[in-house]
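Trainee: These protein sequence lines are chains A, B and C, in that order. Taking our numbering, the leading residue of the first sequence gets 297, the next gets one more, and so forth. Taking our numbering, the leading residue of the second sequence gets 301, the next gets one more, and so forth. Taking our numbering, the leading residue of the third sequence gets 207, the next gets one more, and so forth. Ideal Cβ placement from N, Cα and C applies to all residues, glycine included.
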Amino acid sequence: MKIKISLLKILFRQILPVTLIALPIGCLYVLFTRDVLSWRNPWIALFVLVHSITIAVLSGRYRSRAFAFLYTRGFTRDELWFHKMLNTILSVMVVWLPMALIVWLPVRSYVQDKLFISPYFPLMMIREAQVPWFWLAGYAILLPLFHYVWIRRAQPLRGANGAVFLSIGVVIVIATLMSFRWHTLWFRILIYMLSAVMIVTSLIAGRILHRNLEVQ
Amino acid sequence: MNNCAIRTENLSRDYGKFRALDNMNLNIEKGRVVALLGPNGAGKTTFLRLLMGLLEPTLGSSFVLQNPSRALSKSVISKTGYMGDMDEPPPWSTIRQLMDVQADVSPGFNRDYFIQSMKKRELELNKTYGSLSKGQKKWVRAGLVLAGMPDVLLLDEPAEGLDPSARKDLYGQIRDYVTDNDTTAIVATHIIGDIERIADDVAIINHGHLITYADLEDLREQVREVQLGEIETLPELGEEIEVLGSKNSDGARIIWIKCPEDAQQKLEQILGEKVVMWTVSLETFYLALTEHNSNKQDVGLKEIEK
Amino acid sequence: MYLRLDYQSGEAIYRQIVEQIKYKIASGELKPKEKLPSIRYLARQLKINPRTVVKVYEELQSGGLVVRRQGQGVFIKDGQAAVPAHTRSRIIGEMAKRMLAEASRLGAGEEEVKEIFNKMIEQMRSGK
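(1) Are the C-beta of residue 382/B and some C-beta of chain A separated by less than 8 Å?
(2) How should residue 235/C be labelled, buried or exposed, when 16 other C-beta atoms within 10 angstroms of its C-beta is the threshold for buried?
(3) Any idea what DSSP makes of residue 371/A, helix, strand or coil?
(4) Rounded to the nearest angstrom, what separates residue 330/C and residue 324/C at their Cα positions?
(5) Tell me whether the beta-carbon of residue 239/C lies closer than 8 Å to the beta-carbon of residue 282/C.
(6) Report the rounded CA-to-CA distance for residue 420/A versus residue 304/A, giving the unit in angstroms.
(7) Going along chain B in order, which residues have a C-beta closer than 9 Å to the C-beta of residue 228/C?
(8) Pop quiz: residue 444/A and residue 502/A are said to be a contact at Cβ under 8 Å. What is the actual Cβ separation, rounded to whole angstroms?
(9) Do residue 241/C and residue 279/C have their C-beta atoms within less than 8 Å of each other?
(10) So, with DSSP's three-state summary, where would you put residue 478/B?
(11) Looking at the structure shown, is residue 509/B part of a helix, part of a strand, or coil, going by DSSP?
(12) Please list the segments of the alpha helix (DSSP H) lying wholly inside the segment 392–457 of chain B, counting only runs of 4 or more residues, in order along the chain.
(13) Please tell me whether residue 243/C has its Cβ less than 8 Å away from any Cβ of chain B.
(14) Run through chain A and tell me which residues come within less than 9 Å of residue 392/B, C-beta to C-beta.
(15) Let me make sure I understand the geometry here. Which of 376/A, 488/A, 355/A and 319/A has the alpha-carbon closest to that of residue 389/A?
(16) Determine contact between the segment 312–329 of chain B and the segment 510–520 of chain B, defined as no fewer than three beta-carbon pairs at a distance below 8 Å.
(17) Pick out the complete beta strand (DSSP E) segments inside the segment 488–576 of chain B, 3 residues or longer, and give them in chain order.
(18) Compute every distance between the C-beta of residue 505/A and the non-hydrogen atoms of the ligand FMN, then say whether any falls below 7 Å.
(19) Work out the CA separation of residue 414/B and residue 408/B for me, nearest whole Å.
(20) Leaving aside the five residues before and after residue 352/A along the sequence, list all residues of the same chain whose C-beta is less than 6 Å from its C-beta, in chain order.
(21) Around the C-beta of residue 498/A, are 16 or more other C-beta atoms found within 10 angstroms, so that it is buried, or is it exposed?
(22) Could you tell me which whole alpha helix (DSSP H) segments of length 4 or greater appear in the segment 330–405 of chain B?
(23) I need the DSSP call for residue 312/B, collapsed to helix, strand or coil.
(24) I need the straight-line Cα distance from residue 580/B to residue 213/C, nearest angstrom please.
(25) In its own chain, which residues sit with a C-beta less than 7 Å from the C-beta of residue 478/B, not counting the 5 before and 5 after it?
(26) Using 8 Å as the threshold, is the segment 385–401 of chain B in touch with the segment 439–448 of chain B, meaning 3 or more CB pairs across them?
(27) From the beta carbon of residue 576/B, is the nearest beta carbon of chain C less than 8 Å away?
(28) From which residue to which residue does the alpha helix (DSSP H) around residue 280/C run?
(29) Please state if the CB of residue 559/B and the CB of residue 570/B are separated by a distance shorter than 8 Å.
(30) What's the gap between the Cα of residue 614/B and the Cα of residue 489/B?
(31) Report buried or exposed for residue 300/A, applying the criterion of at least 16 other Cβ atoms within 10 angstroms of its Cβ.
(32) Which residues in the same chain as residue 287/C place their Cβ atom closer than 7 Å to its Cβ, once the five residues preceding and following it in sequence are excluded?
(33) Please report the residue range of the beta strand (DSSP E) in which residue 275/C lies.
(34) Below 9 Å on C-beta distance, what does residue 397/B contact in chain A?
(35) In angstroms, rounded to a whole number, what distance separates the CA positions of residue 525/B and residue 371/B?
(36) Could you give the DSSP three-state label for residue 307/B: helix, strand or coil?
This is the structure we're talking about:
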């Protein structure tokens with residue numbers, strides 16, 4: 297499947313505002329928060345959740361004129377789905393990468409050390425380096441799921457209730473897991489595997505259902 | 301022989317309890333231009349959306365260039381030009397961006413044609429779509445669709461809301477394209493004057509039903525209007541003469557019939573009086589079938605053979 | 207070649223064109239061996255569907271008035287000094303039929319029609 301830049305540009309416009317809002321918020325938080333970043337950080341978890349939901353909702357406006365316009369230009373549904381996913385990845389990268397770089401490069405460390413005279417830095421920089429991967433994992437798990445929910449909503453004759461409950465359930469499970477204090481290795485591996493399965497399933501299911509979309 | 305550009309089989313669509321389209325069976329040969337006429341709410345928009353694959357049918361199926369509508373292949377979808385009411389470009393997009401998007405999708409996109417077309421109305425390429433007037437918007441959208449050099453055109457009231465001069469220009473553009481390219485087209489409209497020059501066939505929809513599908517010239521040859529005196533019930537007119545509709549007007553009974561050439565004599569025999577047979581414009585025919593067709597029956601003027 | 211189409215009358219378009227071309231041939235406006243416009247050109251000029259023009263040319267061809275040469279176009283048939291007598295009679299016959307039908311609608315009888323007709327011939331003879 298070839299990448300059509302013009303299509304990407306039009307799709308990205310839909311989520312540009314959200315991306316532009318999320319970027320400074322995320323970066324500023326990561327730059328200035330005094331607590332040591334851990335994968336349990338509820339604020340960032342919330343941030344990832346909200347960002348993901350808004351991306352899914354804004355790109356999921358299948359009853360919109362914009363989708364009808366794009367489909368009637370001659371793009372196939374699969375092409376549209378693929379570019380939508382690409383678009384999502386783009387938005388995530390635009391927000392996540394700077395945040396991660398602030399952590400990985402001595403930027404946060406410097407600010408915390410010199411401006412806030414934090415006792416944790418520059419020591420904690422090495423510990424914190426792991427953390428941005430959890431954020432990425434969060435996006436990876438939530439986004440395919442939320443996309444799936446929104447695609448289901450645009451199906452003819454089918455309700456989205458099941459999918460909505462499923463995603464709420466998943467979020468609750470993730471929140472619960474995050475609040476546990478310890479995890480054995482096998483448990484962690486299990487979680488990784490389940491997550492991978494869920495990501496792949498959501499993507500495949502989303503793509504298949506996308507072919508049945510109606511534009512009303 | 302698959303000369304069928306557009307085909308539907310028992311195509312039906314419900315919205316809840318409301319049946320918007322009921323059992324549409326249509327076979328449109330390649331290269332024919334069909335005027336799809338019908339009052340508002342008759343099902344024209346639903347029909348075109350089903351053909352394009354934007355909606356899922358409740359029953360039946362439809363095919364464009366032998367592809368099922370819900371799964372149009374890449375090549376078919378890029379050869380099909382659709383213009384409806386739901387597919388407006390985003391207001392912030394510029395005309396140039398729209399051109400790029402369309403060019404990206406349609407392999408045969410003719411940039412020169414599009415640029416010429418925009419020049420005709422002095423529309424600069426960096427104007428945003430949202431800043432255009434209604435007529436200009438339609439012009440741009442029609443230009444996009446036609447510059448893609450489609451083989452099939454599905455147009456849903458392309459000139460709706462435009463003043464007569466803008467309508468004339470728009471239909472002129474469509475007409476010239478169709479003339480040059482042997483396109484198959486369905487143009488849905490309720491303004492008959494716009495379409496009767498370029499249409500080969502006419503299909504009339506009312507209340508979700510296809511009332512008739514006829515060759516326009518055959519129609520002009522076969523349909524006649526007859527004025528009768530005041531009569532309560534119509535006598536039997538025989539097998540060859542089919543009554544399409546009737547109305548009472550100023551003390552006379554007007555009937556519209558489909559008949560062969562020598563019908564005048566037969567009619568005079570049956571009715572026992574001199575009969576004047578008038579030719580009938582498309583508009584009159586349309587009104588006869590939609591407003592004055594008391595038995596609401598399907599009028600077959602064309603054999604659907606395939 | 208100027209052709210006038212009437213959409214309101216309900217008469218078949220191709221027939222209207224055929225009639226007018228026949229008339230032009232009969233009146234000499236279109237000369238033998240003259241080339242008629244191409245299908246595409248006429249369709250564009252009259253703003254109608256090319257199929258209708260095809261029908262017109264086919265009818266003219268089967269009526270023996272034009273001849274189609276592969277790759278070159280459609281030409282008025284050669285070898286006619288003026289319009290052949292039978293075509294002329296046909297055209298006049300059709301006009302007469304129309305006139306008689308109209309007269310009958312108006313309630314005129316055979317005698318009245320003949321009277322008026324002879325009067326008109328008189329007027330023409332005496333130079334209006």
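Mentor: From the atom records:
(1) For the purposes of this step, residue 382/B is taken as residue 82 along the second sequence, with counting starting at 1. It does: the Cβ of residue 382/B has a partner Cβ on chain A nearer than 8 Å.
(2) Counting from 1 along the third sequence, the entry for residue 235/C is found at position 29. Result: exposed.
(3) Residue 371/A sits at position 75 when you count from the first residue of the first sequence. Of the three classes helix, strand and coil, the one that applies to residue 371/A here is coil, per DSSP.
(4) Counted from its first residue, the third sequence places residue 330/C at position 124. Counted from its first residue, the third sequence places residue 324/C at position 118. Across the structure, residue 330/C and residue 324/C are spaced so that their CA atoms are roughly 10 Å apart.
(5) As a first step, residue 239/C must be located in the third sequence, where it is residue number 33. As a first step, residue 282/C must be located in the third sequence, where it is residue number 76. Cβ atoms of residue 239/C and residue 282/C: closer than 8 Å.
(6) Here residue 420/A refers to the residue found at position 124 when the first sequence is read from its first residue. Here residue 304/A refers to the residue found at position 8 when the first sequence is read from its first residue. Put simply, the backbone Cα of residue 420/A is about 39 Å away from that of residue 304/A.
(7) What you label residue 228/C is simply residue 22 of the third sequence in a count that begins at 1. In chain order: nothing, as chain B lies at least about 17 Å away.
(8) Counted from its first residue, the first sequence places residue 444/A at position 148. Counted from its first residue, the first sequence places residue 502/A at position 206. Taking a contact as a CB-CB distance under 8 Å, the pair residue 444/A and residue 502/A counts as one, their CB atoms being some 4 Å apart.
(9) Counted from its first residue, the third sequence places residue 241/C at position 35. Counted from its first residue, the third sequence places residue 279/C at position 73. For residue 241/C and residue 279/C, yes; Cβs fall inside 8 Å.
(10) The residue you call residue 478/B lines up with position 178 of the second sequence. In the three-state reduction of the DSSP assignment, residue 478/B falls in the helix class, which pools H, G and I.
(11) The residue labelled residue 509/B in the question sits at position 209 within the second sequence. DSSP places residue 509/B in strand when its eight states are reduced to three.
(12) Runs found: 395–405, 411–420 and 434–447.
(13) The residue you call residue 243/C lines up with position 37 of the third sequence. Not one chain B Cβ lies under 8 Å of residue 243/C.
(14) Locating residue 392/B in the second sequence gives position 92, counting from the first residue. Chain A residues near residue 392/B: 309.
(15) For the purposes of this step, residue 389/A is taken as the residue at position 93 of the first sequence. Of 376/A, 488/A, 355/A and 319/A, the residue nearest in Cα terms is 319/A.
(16) Yes, they touch.
(17) For the beta strand (DSSP E) assignment, the uninterrupted runs of no fewer than 3 residues enclosed by the segment 488–576 of chain B are, from N- to C-terminal side, 501–506, 509–515, 523–528, 542–549 and 552–558.
(18) In terms of ligand content, the structure shown is empty, and the ligand FMN therefore cannot be addressed.
(19) The residue you call residue 408/B lines up with position 108 of the second sequence. The residue you call residue 414/B lines up with position 114 of the second sequence. Residue 408/B and residue 414/B have their alpha carbons spaced roughly 12 Å apart.
(20) By one-based count along the first sequence, residue 352/A stands at place 56. Sequence-distant partners of residue 352/A (beyond 5 residues in either direction) whose C-beta falls short of 6 Å from its own C-beta, in its chain, are 442, 443 and 446.
(21) Along the first sequence, read from residue 1 onward, the residue named residue 498/A stands at position 202. By the neighbour-count criterion, in which 16 or more other beta carbons inside 10 Å mark a residue as buried, residue 498/A falls on the buried side.
(22) Within the segment 330–405 of chain B, the complete alpha helix (DSSP H) runs of at least 4 residues are 344–352, 374–378 and 395–405.
(23) Locating residue 312/B in the second sequence gives position 12, counting from the first residue. DSSP places residue 312/B within a strand segment (E or B) once states are collapsed to three.
(24) Looking up residue 580/B in the second sequence gives position 280. Looking up residue 213/C in the third sequence gives position 7. Between the alpha carbons of residue 580/B and residue 213/C lies a distance of about 10 Å.
(25) Residue 478/B sits at position 178 when you count from the first residue of the second sequence. The beta carbon of residue 478/B sits closer than 7 Å to the beta carbons of 333, 485 and 498 from its chain, once the five residues preceding and following it are set aside; these are given in chain order.
(26) Three or more beta-carbon pairs separated by less than 8 Å link the segment 385–401 of chain B to the segment 439–448 of chain B, which places the two stretches in contact.
(27) Sequence index remark: in the second sequence, residue 576/B carries index 276 (1-based). Yes, its Cβ sits closer than 8 Å to a Cβ of chain C.
(28) For the purposes of this step, residue 280/C is identified with residue 74 of the third sequence, where counting begins at 1. Element bounds for residue 280/C: not the alpha helix (DSSP H) but the beta strand (DSSP E), 279–282.
(29) To locate residue 570/B, count along the second sequence from 1; it is residue 270. To locate residue 559/B, count along the second sequence from 1; it is residue 259. Contact flag unset, no.
(30) This structure does not reach residue 614/B, given that chain B is present from 301 up to 606, and the question cannot be answered.
(31) Translated into the one-based positions of the first sequence, residue 300/A becomes position 4. If you draw a 10 Å sphere on the C-beta of residue 300/A, you find 16 or more other C-beta atoms in it, and that means buried.
(32) In the third sequence, counting from the first residue as 1, residue 287/C sits at position 81. Confidence at residue 287/C is low in this model, with a pLDDT of 48, below 50, so the placement of that residue should be treated as unreliable; the coordinate-derived value is given next. So no residue of the chain qualifies.
(33) Working through the third sequence from its first residue, we reach residue 275/C at position 69. For residue 275/C, the uninterrupted beta strand (DSSP E) segment begins and ends at 272–275.
(34) As a position in the second sequence, residue 397/B is number 97, starting the count at 1. Chain A residues near residue 397/B: 302, 305 and 306.
(35) In the second sequence, the residue the question calls residue 525/B occupies position 225. In the second sequence, the residue the question calls residue 371/B occupies position 71. So the two alpha carbons sit approximately 45 Å from each other.
(36) Looking up residue 307/B in the second sequence gives position 7. Residue state, collapsed to three classes: strand.
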